[in-house]
Amino acid sequence: DSLQGQQDFHNILGASEFASDFTRIIHKSRGFESLVRFVRQTQAFKASATRLGEELRRRPKMLLEERALLERRRREALEELRAAFRQGLPSKDRDEIVCFLTAINEEV
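Residue 476 is where the sequence shown starts when you use our numbering, and the numbers rise one by one after that.
Next up, the structure:
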């Protein structure tokens, strides 16, 4: 609720509240940067899981064995993505990402 924030965001209804929210989010910007790096590093896992999920939706009448195989491969891609976050990231980066996402969730 700062005077500077009110001036910076004068054209926005609720400017002082927006300035306060924006300031809190900016303080967590290292988490945003860590999140962007993580998203870029794990694109292959996400692309694979998405592609397999789309194929499962596109072909609802495939053979049960084929469906089971695609579902297993999709589950494995998602497990790799989760492992990349839980074990692959340094705890500092993971903590920064969680703090950033928490701030966004609370402020938006």
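Where a beta carbon is used, it is the ideal one built from N, C-alpha and C, also for glycine.
DSSP places Arg-512 within a helical segment (H, G or I) once states are collapsed to three. In terms of CA proximity to Thr-517, Glu-554 leads the group Glu-554, Ile-501, Leu-538.
Per DSSP, reduced to three states, the secondary structure at Lys-567 is helical. Just measuring C-alpha positions, the residue of Arg-550, Phe-513, Val-511, Ala-558 sitting nearest Leu-527 is Arg-550.
A direct Cα-Cα distance of roughly 50 Å separates Ile-501 from Leu-538.
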